[in-house]
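Peer 1:
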RNA sequence: GUGCUUUUAGCUCAGCUGGAUAGAGCGCUUGACUACGAAUCAAGAGGUCGGGGGUUCGAAUCCCUUAAGGCACACCA
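Residue numbers (the numbering used here): 1 to 560.
1. Have a look at the DSSP bridge pairing and note the partners of residue 91.
2. Would residue 234 be called buried (16 or more neighbouring beta carbons within 10 Å of its own) or exposed?
3. For residue 375, list the residues DSSP reports as bridge partners.
4. Under a three-way DSSP split, which group does residue 367 fall into?
5. Judging by CA-CA distance, which residue of 482, 521, 499 and 530 is the nearest neighbour of residue 44?
6. Taking the alpha-carbon of residue 225 as reference, which of 213, 240, 211 and 201 has the nearest alpha-carbon?
7. So, for residue 157: in the same chain, excluding its five sequence neighbours on each side, which residues have a beta-carbon less than 7 Å away from its beta-carbon?
8. Should residue 245 and residue 326 be called a contact, given that it needs their Cβ atoms to be closer than 9 Å?
9. Can you name, in chain order, every residue of its own chain whose Cβ lies under 7 Å from the Cβ of residue 560, other than the five neighbours on each side?
10. Could you check if residue 340 is buried or exposed, using at least 16 other CB atoms within 10 Å of its CB as the buried criterion?
11. If you measure between the beta carbons of residue 152 and residue 416, is that distance less than 9 Å?
12. Can you find the residues in the same chain that come closer than 8 Å, C-beta to C-beta, to residue 269, ignoring five residues on each side of it along the sequence?
13. By how many angstroms is the C-alpha of residue 486 removed from the C-alpha of residue 393?
14. Quick one: grab the DSSP three-state call for residue 39.
15. With 16 other CB atoms within 10 Å as the buried threshold, where does residue 347 fall?
16. By DSSP, does residue 483 sit in helix, in strand, or in coil?
17. Would residue 413 pass as a contact of residue 513 if the rule is Cβ separation under 9 Å?
18. Which whole-angstrom value is the C-beta distance of residue 367 and residue 332, which I expect to be below 8 Å?
19. Our contact map puts residue 3 next to residue 107 with C-beta atoms below 8 Å; I'd like the distance itself, whole angstroms only.
20. Given this structure, state the Cα-to-Cα distance separating residue 399 from residue 165, to the nearest angstrom.
21. Please return the same chain residues whose Cβ sits closer than 7 Å to the Cβ of residue 150, not counting the five positions on each side in sequence.
22. Where does residue 393 fall in DSSP's three states?
23. Spatial neighbours of residue 307 within its chain, please: C-beta separation below 8 Å, excluding the five flanking residues on both sides.
24. Helix, strand or coil for residue 316, going by three-state DSSP, please let me know.
25. If we require 4 or more residues per run, which alpha helix (DSSP H) segments fall completely within the region 203-247?
26. By the 10 Å Cβ neighbour count, where 16 or more other Cβ atoms means buried, how is residue 378 classified, buried or exposed?
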């Protein structure tokens, strides 16, 4: 556990002990200790920590908060054996403000120096076995901006959860079955026959018009010739689907890898269909009386589970729906030993969330263990104008183009920096710009500056890192050290709440404090003690920056 | 129509289980290199937290209501 978290726990404990002591001595009349807060005040003038405990007790004690605070502070001082608080004051309507002893700042820096690449890591979630499924784009086309946002959020979240000790499996669900694939196959077949000279073939109604599948078909013909014309349509379609999916998937894999994302598992929907898993859940649900037939289709009584309408499980053509397959798929994930299933879906899937949870309950699996992060759309801006993105008209920007244009680092940072449930305005020009306006460069620049200082050091850095706790006198030094100490709290917060953007924000804050420090403090041309302390501070900053950037999947350059 | 979601500075967004004078970046105005990288820093202006009601010591935050955007409500996925 980090210094800061330990410290906060101790402070809270001490307040509780103090109150208990007060009860013993009948100084306080309350029977139960209320849930009080320990927060970091926005304004430094109000101390390092503040608690609202006196205000909360006001009612039960029938006294004004400031009077109670006087009693509480005496009690606190009596039980506090660690002396981690230097000064306690009453302020405003009854806040109790605590001022930390500076000793902790030195401890924080030392911890970062000792733990290096592991600094900020933790074992809070070591009991969790998490399956994180994201992107899962249809393998019938190219990856677009929405997929890219999911990729960045998912991969970052995976890194955060791993930093908290969880076992995380990143999974891509391949929709290689169902209606879409049938349409895809028909479209391929038409393009194939057209490419070989056949004319006036009706194009399927919900077919794929993209130019990319013509390329695919041409590629197939170059390699394998036209022998497929001799086989049955069914076999031909099957072969074309197999070939195209494999080509598309390779493409998707390649570009996700360039984006810094490597999946642990690629799971095919067809495995679910072929394994009998769907029949199994249908039997389970039927045995529980949740299944009925109507108009040739088989329905799930989701209304009896609190949903607004029933859902089709098996269509009247005998094919299971996506919903039915998804229930089997999620059961399969639980059966593989995961206790948490986290999915990242586009906001257009939100109707799917509640019924999936109800379905899990219906087959006696955990609905709580299934978490869905919904992601809003990405709006793309270029030259100050919104670019309309549409698959139909083919004007959408692909991950490939994005990587070419702005690069992995900027793209990943921009996608993660906003809360998923707000729309993301992606400014291509800003992401491309190599200036202070671009947060990615700003953060990386801080790292490069530190590296630059260390390169100019006359002796080996290890000679300055003597293990003694550094002492800081200037506010900016203290602020930077404290920010380093917050890192672990940020990771925990981001992980527990599943909000990766907090890490992006933190990286920017840390870089800001470093730049401020840099502009007001020299490091190299200082008298020995100060030089040593500041070197420790910037090396600790460097490790912290490296670790944050690592979590974000953004590179940490020694030079820029 | 029903459900979910968003609404905070000119723009893009933070704001924790309710806390002190609502924050940051960009943009704007004005400054700072004979000093470890000016891809930086400092200072300033800028707000009816969409509107209205309620809960309480205290509301951007919780509840009700209302307005505006987005999404969903298929035998598609």
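A virtual CB, placed ideally from N, CA and C, is assigned to each residue, including glycine.
Peer 2: For this structure:
1. 95
2. exposed
3. 346
4. coil
5. 482
6. 240
7. 132, 498 and 500
8. no
9. 444, 445 and 448
10. buried
11. yes
12. 173, 174, 175, 176, 177, 178, 325 and 329
13. Residue placement at residue 393 cannot be trusted, given a pLDDT of 49 that sits under 50; what the coordinates show is reported in the next sentence. If I take the Cα positions, the gap works out to 47 Å.
14. strand
15. exposed
16. helix
17. no
18. Not confirmed; about 16 Å, so no contact.
19. 5 Å
20. 31 Å
21. 134, 135, 344 and 375
22. With a pLDDT of only 49 at residue 393, under 50, the local geometry of the prediction cannot be trusted, and no value is derived from it.
23. 354, 355 and 358
24. coil
25. 212-224
26. buried
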